[in-house]
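Since the structure comes first, as structure tokens, the remarks are kept for the end.
There are 2 protein chains.
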Amino acid sequence: MELNDRKLKILQAVVADFINSAEPIGSRTLSKRDDIDVSPATIRNEMSDLEEMGYLTHPHTSAGRVPSDKAYRLYVDELMSHSELSPEEKEVIKEKLDQGSEELDRTLEHASKVLSEMTNLVSFAVTPKEENKIKYINFLPVDETSVVLMIVCENGRVSNTAIRVGCPYTEENLTLMSKVATHNYSGQSVSNILTQDIMEEFERDLPQLTGMSSSVVPGFIKTLEKMLDVDLYVNGYKNVFALPEFNDVEKVKDVYDIVTNKDQFSQVLVNRDNGLVVTIGDENSPDLKDFALITADYRVNGKMVGRLGVLGPKRMKYDEVTSVIKYITDNMNNTFEIEGEVQDE
Amino acid sequence: MELNDRKLKILQAVVADFINSAEPIGSRTLSKRDDIDVSPATIRNEMSDLEEMGYLTHPHTSAGRVPSDKAYRLYVDELMSHSELSPEEKEVIKEKLDQGSEELDRTLEHASKVLSEMTNLVSFAVTPKEENKIKYINFLPVDETSVVLMIVCENGRVSNTAIRVGCPYTEENLTLMSKVATHNYSGQSVSNILTQDIMEEFERDLPQLTGMSSSVVPGFIKTLEKMLDVDLYVNGYKNVFALPEFNDVEKVKDVYDIVTNKDQFSQVLVNRDNGLVVTIGDENSPDLKDFALITADYRVNGKMVGRLGVLGPKRMKYDEVTSVIKYITDNMNNTFEIEGEVQDE
DNA sequence: TATTAGCACTCAAATAACACGAGTGCTAAC
DNA sequence: GTTAGCACTCGTGTTATTTGAGTGCTAATA
Numbered sequence: 000m001e002l003n004d005r006k007l008k009i010l011q012a013v014v015a016d017f018i019n020s021a022e023p024i025g026s027r028t029l030s031k032r033d034d035i036d037v038s039p040a041t042i043r044n045e046m047s048d049l050e051e052m053g054y055l056t057h058p059h060t061s062a063g064r065v066p067s068d069k070a071y072r073l074y075v076d077e078l079m080s081h082s083e084l085s086p087e088e089k090e091v092i093k094e095k096l097d098q099g100s101e102e103l104d105r106t107l108e109h110a111s112k113v114l115s116e117m118t119n120l121v122s123f124a125v126t127p128k129e130e131n132k133i134k135y136i137n138f139l140p141v142d143e144t145s146v147v148l149m150i151v152c153e154n155g156r157v158s159n160t161a162i163r164v165g166c167p168y169t170e171e172n173l174t175l176m177s178k179v180a181t182h183n184y185s186g187q188s189v190s191n192i193l194t195q196d197i198m199e200e201f202e203r204d205l206p207q208l209t210g211m212s213s214s215v216v217p218g219f220i221k222t223l224e225k226m227l228d229v230d231l232y233v234n235g236y237k238n239v240f241a242l243p244e245f246n247d248v249e250k251v252k253d254v255y256d257i258v259t260n261k262d263q264f265s266q267v268l269v270n271r272d273n274g275l276v277v278t279i280g281d282e283n284s285p286d287l288k289d290f291a292l293i294t295a296d297y298r299v300n301g302k303m304v305g306r307l308g309v310l311g312p313k314r315m316k317y318d319e320v321t322s323v324i325k326y327i328t329d330n331m332n333n334t335f336e337i338e339g340e341v342q343d344e
Numbered sequence: 000m001e002l003n004d005r006k007l008k009i010l011q012a013v014v015a016d017f018i019n020s021a022e023p024i025g026s027r028t029l030s031k032r033d034d035i036d037v038s039p040a041t042i043r044n045e046m047s048d049l050e051e052m053g054y055l056t057h058p059h060t061s062a063g064r065v066p067s068d069k070a071y072r073l074y075v076d077e078l079m080s081h082s083e084l085s086p087e088e089k090e091v092i093k094e095k096l097d098q099g100s101e102e103l104d105r106t107l108e109h110a111s112k113v114l115s116e117m118t119n120l121v122s123f124a125v126t127p128k129e130e131n132k133i134k135y136i137n138f139l140p141v142d143e144t145s146v147v148l149m150i151v152c153e154n155g156r157v158s159n160t161a162i163r164v165g166c167p168y169t170e171e172n173l174t175l176m177s178k179v180a181t182h183n184y185s186g187q188s189v190s191n192i193l194t195q196d197i198m199e200e201f202e203r204d205l206p207q208l209t210g211m212s213s214s215v216v217p218g219f220i221k222t223l224e225k226m227l228d229v230d231l232y233v234n235g236y237k238n239v240f241a242l243p244e245f246n247d248v249e250k251v252k253d254v255y256d257i258v259t260n261k262d263q264f265s266q267v268l269v270n271r272d273n274g275l276v277v278t279i280g281d282e283n284s285p286d287l288k289d290f291a292l293i294t295a296d297y298r299v300n301g302k303m304v305g306r307l308g309v310l311g312p313k314r315m316k317y318d319e320v321t322s323v324i325k326y327i328t329d330n331m332n333n334t335f336e337i338e339g340e341v342q343d344e
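Protein chains in written order, with numbering that gives the first Met the number 0: chain A, 0 to 344; chain B, 0 to 344.
Laid out in structure tokens, this is it:
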């Protein structure tokens, strides 16, 4: 059997209608649409064919049709409109993005928030497991019993931790320690440093400070390990409360479990392909089989520095959401690269 | 009418049973209890009196009795048992607490997590709006276009922000800037600094660096403002999914709104009395009228440095929860003060 | 006089019966 | 190839009925 034009039109209508209404679509409903001018009976025949071909399903005999994963896939790839965002929408997004642009290291987090606001879905941002190279390491005094360890990477990211030291120290000790650590590790990637016997190296190069080393090194290692973790920000969880498919506590809980199981979820996100990617239902891992996931990369100078996305029901406004995601990831670049861009008055 | 012994015993039984079962308690159920040996009819009479006195209510004529807020209050103040935690429970808590003890500045956050695990309720931690005094201020180089601002307070808290600078700088510039800023502001409280015209002061004392000042000062101010915010950590939200009173999406959403409306919720928490405080139903603000809130302070050297608590249904195991909270807040002190305490073998 | 057995009464919740209607599939006519 | 017509299906909503846990009241009891 072949997917002729009429079948495609009907399929497209079913998917579009279902995305809007979340209700199974019947033949009579479809026949009332302006763009379809055949009788319900004809539509029924076509729908029956489409079902046989795996594009539609039936919740039960006397219900309308619902799109299958295969139908969503076809819809996204071929059928849906690719409307541009209106200038007003663009303006709104631009404005929202700009509100968070001062906080350099929270750009991604902020963009994810904007994304959830624009799509009314659960959104997230994830930083890649990056092979950061250390620029320098600084131990700074706080009070008698604690110091701050500060690690600056070449890409500008900064981590710091407060560390309790077991013994008294002087500022000279700290300066020395900072110098030695920077000398030993600057230019190396974090994961590479972690393969070494850091404690031994500290003791070797700072034999007069073994007491301090023993209390500082574990914190140092912990901080490095933390730097290897991907950061995952989730926003707009409360949007699920408004979606009819989640009008049941179990479902709401499922989504909560997914987005709060950060290790597993970030794994899924990190392992995705680059670019704009849409995965629907069965295309995802089993725990996401009832969802659609859309992600896009955010790049600076061609290098991927983060991934942004939304999680929602398969019944998702794919065209709008992809437009918004694309616009945001493109525009974040501008926020970064072009400062003080000319504003049209 | 008077609250005689039998009334108290019955009331106590109703509250305790309801806390366990979440079901209205009938006279027959009560009469089967070992500690009550009067007939259902007698109990009915007593319950009727208790209802008249405002301690019990009736969902409807043919249902059992449910405790009122007044009953919970009496229960907490007079009726409930104050069982000590078992040595095993103490051991479990101690162990969990210890797992997070390295991360000095996350102690409170971690303790809140332990609290939610032990109580199966939503827990939170909040830091007081503190009048921190600045110890020193440091501007550190990251790359050509950005610096890190680091502010260390006398109490050991550290804040840092990445700031994009509009013009090239040298390390000497930064050192100078750090010195001037530290000289001008160390010893002062954050809120006090914010009352001053910081930009003017930078320009006055660093006339040769006006370009840098103009790009750095806004970030400096923003960081100071952020330091004034209270930090609120919420843990164990997913515990609400298991409670029968939240088997409805609306209710689940209500709790979510409460704990994610950080400004409002932290306001409620910050304004509480010191010490162990239990507020039930109407004793709370209207949006919390269906909940009970328990908080306790965590002190170091007598100074309150944080507040820990749980949010749950009024039907809460008050004795257990208060024991756990008390034990955690007491024990956090130990984690801090006494390092390497003798372990009993 | 306090307690309790007995009993009529109430009402939410569960169950059953039923009508409704949106939808289907099939057949025969156009 | 398309469509009108029709019997059939089945979820949904409505109403009636039953069930049972629980109450309040009264009268008997200790």
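Just so you know, even glycine gets a beta-carbon here, dropped at the ideal spot from N, CA and C.
Computed from a predicted model, the values in this text were never measured in an experiment.
request  = Verify whether the separation of the beta carbon atoms of Lys261 of chain B and Leu231 of chain B is less than 8 angstroms.
outcome  = Working through the second sequence from its first residue, we reach residue 261 of chain B at position 262. Working through the second sequence from its first residue, we reach residue 231 of chain B at position 232. Pairing Lys261 of chain B with Leu231 of chain B gives a Cβ-Cβ distance under 8 angstroms.
message = Let me see if you follow: with CB-CB separation under 8 angstroms, is Ala180 of chain A close to chain B or not?
response = Numbered from 1 along the first sequence, position 181 holds the residue referred to as residue 180 of chain A. Not one chain B Cβ lies under 8 angstroms of Ala180 of chain A.
task = Output yes or no for whether 8 angstroms exceeds the beta carbon distance between Thr222 of chain B and Leu148 of chain B.
result = By one-based count along the second sequence, residue 222 of chain B stands at place 223. By one-based count along the second sequence, residue 148 of chain B stands at place 149. It is a contact, given that the beta carbons lie within the stated cut-off.
request  = Compile a chain-ordered list of the residues in the region 71-91 of chain B whose CB is closer than 8 angstroms to at least one CB of chain A.
outcome  = The region 71-91 of chain B vs chain A, Cβ under 8 angstroms: nothing.
message = If the criterion is Cβ atoms closer than 8 angstroms, does the pair Ala21 of chain B and Arg314 of chain B meet it?
response = By 1-based counting over the second sequence, the position of residue 21 of chain B is 22. By 1-based counting over the second sequence, the position of residue 314 of chain B is 315. Yes; because the gap between Cβ atoms is below 8 angstroms, this pair is in contact.
key: chain A residues whose Cβ lies nearer than 8 angstroms to that of Met149 of chain B   = In the second sequence, the residue the question calls residue 149 of chain B occupies position 150. Here the neighbours are Leu139, Val147, Met149 and Asn159.
request  = Please go through the same chain and pick out, in chain order, the residues whose beta-carbon is closer than 6 angstroms to the beta-carbon of Ala161 of chain B, but skip the five residues on each side of it.
outcome  = Looking up residue 161 of chain B in the second sequence gives position 162. Apart from sequence neighbours up to five positions away, the residues of its chain that approach Ala161 of chain B with a beta-carbon distance below 6 angstroms are Ser145 and Val147, ordered along the chain.
message = Between Thr169 of chain A and chain B, is any beta-carbon pair separated by less than 8 angstroms?
response = The residue labelled residue 169 of chain A in the question sits at position 170 within the first sequence. So no, Thr169 of chain A is outside the interface.
ask   = Which residues does DSSP pair with Asp142 of chain A in a beta bridge?
value = Counting from one through the first sequence, the residue named residue 142 of chain A turns up at place 143. BP columns for Asp142 of chain A point to A:Ser145.
request  = Would you please verify whether the beta carbon of Ile337 of chain B is less than 8 angstroms from any beta carbon of chain A?
outcome  = Within the second sequence, numbered from 1, the residue matching residue 337 of chain B stands at position 338. With a pLDDT of 36 at Ile337 of chain B, under the threshold of 50, the modelled position of that residue is not reliable, and no figure is offered here.
key: DSSP state of Tyr232 of chain A mapped onto helix, strand, coil   = Taking the first residue of the first sequence as position 1, residue 232 of chain A is located at position 233. Tyr232 of chain A carries a strand assignment under DSSP once its states are collapsed to helix, strand and coil.
Check whether Ile92 of chain A and Asn330 of chain A have beta carbons under 8 angstroms apart = Along the first sequence, read from residue 1 onward, the residue named residue 92 of chain A stands at position 93. Along the first sequence, read from residue 1 onward, the residue named residue 330 of chain A stands at position 331. Their beta carbons are under 8 angstroms apart, which means Ile92 of chain A touches Asn330 of chain A by this criterion.
key: Any non-hydrogen atom of the ligand MN within 7 angstroms of Glu83 of chain B CB   = Although the ligand MN was asked about, the structure shown includes no ligands whatsoever.
request  = Tell me whether Val309 of chain A sits in a helix, a strand or coil according to DSSP, three-state version.
outcome  = In the first sequence, the residue the question calls residue 309 of chain A occupies position 310. Val309 of chain A falls in the strand class under three-state DSSP.
query = What separation, rounded to the nearest whole angstrom, lies between the Cα atoms of Glu143 of chain B and Ser212 of chain B?
reply = Counting from one through the second sequence, the residue named residue 143 of chain B turns up at place 144. Counting from one through the second sequence, the residue named residue 212 of chain B turns up at place 213. Cα atoms of Glu143 of chain B and Ser212 of chain B: separation of roughly 16 angstroms, rounded to the nearest angstrom.
key: Pro39 of chain B vs Ser30 of chain B beta-carbon contact at 8 angstroms   = Numbered from 1 along the second sequence, position 40 holds the residue referred to as residue 39 of chain B. Numbered from 1 along the second sequence, position 31 holds the residue referred to as residue 30 of chain B. Yes. Within cutoff.
ask   = For the beta strand (DSSP E) that Arg27 of chain B lies in, which residues bound it at each end?
value = Here residue 27 of chain B corresponds to residue number 28 of the second sequence, with the count starting at 1. It is not in any beta strand (DSSP E) - Arg27 of chain B instead sits in the alpha helix (DSSP H) that spans Ser26 to Ser30.
inquiry  = In the DSSP assignment, the beta strand (DSSP E) including Leu2 of chain B goes from what residue to what residue?
reply    = For the purposes of this step, residue 2 of chain B is taken as residue 3 along the second sequence, with counting starting at 1. Secondary structure note for Leu2 of chain B: it is in no beta strand (DSSP E), with a DSSP letter that is neither H nor E.
Chain A contact for Tyr255 of chain B (CB, 8 angstroms cutoff) = For the purposes of this step, residue 255 of chain B is taken as residue 256 along the second sequence, with counting starting at 1. Taking Cβ atoms only, chain A reaches closer than 8 angstroms to Tyr255 of chain B, which makes this a yes.
ask   = Leaving out the 5 sequence neighbours to the left and right, which residues in its chain are closer than 7 angstroms to Leu292 of chain B when beta-carbon positions are compared?
value = Looking up residue 292 of chain B in the second sequence gives position 293. Closer than 7 angstroms at the Cβ level, and outside the excluded window around Leu292 of chain B, lie Thr278, Asn283, Gly308 and Leu310.
inquiry  = Under 8 angstroms, Cβ to Cβ, is there at least one residue of chain A near Val251 of chain B?
reply    = Indexing the second sequence from 1 puts residue 251 of chain B at position 252. Output row for Val251 of chain B: interface = yes.
ask   = Quick one, are the C-beta atoms of Asn159 of chain A and Asn131 of chain A less than 8 angstroms apart?
value = The count along the first sequence starts at 1 and reaches residue 159 of chain A at position 160. The count along the first sequence starts at 1 and reaches residue 131 of chain A at position 132. In this structure, Asn131 of chain A does not lie closer than 8 angstroms to Asn159 of chain A by Cβ.
message = Using only CA atoms, which one of B:Gly210, B:Glu224, B:Leu205 and B:Met198 lies nearest to Val216 of chain B?
response = In the second sequence, residue 216 of chain B corresponds to position 217, counting from 1. Here the closest residue by C-alpha is B:Met198.
task = Give a yes or no on whether the minimum CB-CB distance between Glu344 of chain B and chain A is below 8 angstroms.
result = The residue given as residue 344 of chain B occupies position 345 in the second sequence. With a pLDDT of only 31 at Glu344 of chain B, under the threshold of 50, the placement of this residue in the model should not be trusted; the figure read from the coordinates follows. So no, Glu344 of chain B is outside the interface.
key: Span separating the alpha-carbon of Arg203 of chain A from that of Ala124 of chain A   = The residue you call residue 203 of chain A lines up with position 204 of the first sequence. The residue you call residue 124 of chain A lines up with position 125 of the first sequence. Cα to Cα, the separation comes out at about 41 angstroms.
ask   = Tyr236 of chain A: which of A:Ser122, A:Leu10, A:Ser85 and A:Lys325 sits nearest, CA to CA?
value = Translated into positions along the first sequence, residue 236 of chain A becomes position 237. Comparing Cα-Cα distances from Tyr236 of chain A to each of A:Ser122, A:Leu10, A:Ser85 and A:Lys325, the minimum goes to A:Ser122.
key: Residue range of the unbroken alpha helix (DSSP H) whose run includes Ser80 of chain A   = Within the first sequence, residue 80 of chain A is the residue found at index 81, counting from 1. According to the DSSP assignment, Ser80 of chain A belongs to no alpha helix (DSSP H), since it is labelled neither H nor E.
query = For the beta strand (DSSP E) that Asn159 of chain A lies in, which residues bound it at each end?
reply = Stepping through the first sequence from its first residue, residue 159 of chain A is reached at position 160. That run of the beta strand (DSSP E) goes Val157 to Arg163.
Helix, strand or coil at Asp296 of chain B according to DSSP, with G and I counted as helix = On the second sequence, residue 296 of chain B is found 297 positions in, with the first residue counted as 1. In the three-state reduction of the DSSP assignment, Asp296 of chain B falls in the strand class, which pools E and B.
inquiry  = Could you give the first and the last residue of the continuous beta strand (DSSP E) run that contains Phe245 of chain B?
reply    = Residue numbering aside, residue 245 of chain B sits at position 246 when the second sequence is read from its first letter. Phe245 of chain B -> no beta strand (DSSP E), and no H or E assigned at all.
message = Between which two residues does the beta strand (DSSP E) holding Val215 of chain A run?
response = Start at 1 with the first residue of the first sequence, and residue 215 of chain A comes out as number 216. Premise fails: Val215 of chain A lies in the alpha helix (DSSP H), Thr209 to Leu227, not in any beta strand (DSSP E).
Residues that Gly155 of chain A contacts on chain B, provided the C-beta gap is smaller than 7 angstroms = Within the first sequence, numbered from 1, the residue matching residue 155 of chain A stands at position 156. Residues of chain B passing the Cβ test: Val141, Asp142, Ser145 and Ala161.
ask   = Using a C-beta cutoff of 8 angstroms, does Asn119 of chain A count as contacting chain B?
value = Position 120 of the first sequence, counted from the first residue, corresponds to residue 119 of chain A. The Cβ of Asn119 of chain A sits no closer than 8 angstroms to any Cβ of chain B.
query = Listing by chain order, which chain A residues have their CB less than 7 angstroms from the CB of Asn246 of chain B?
reply = Position 247 of the second sequence, counted from the start, is the residue given in the question as residue 246 of chain B. Using a Cβ-Cβ cut-off of 7 angstroms, Asn246 of chain B is close to Val248 of chain A, given in chain order.
message = Counting only C-beta atoms, is Thr403 of chain A closer than 8 angstroms to chain B at any point?
response = Because chain A is modelled from 0 through 344, residue 403 of chain A falls outside the range shown and cannot be assessed.
task = Assign Gln11 of chain A to buried or exposed, taking buried as 16 or more other Cβ atoms, counted over all protein chains shown, within 10 Å of its Cβ.
result = As a first step, residue 11 of chain A is located in the first sequence; it is residue number 12 there, counting from the start. So Gln11 of chain A ends up on the buried side.
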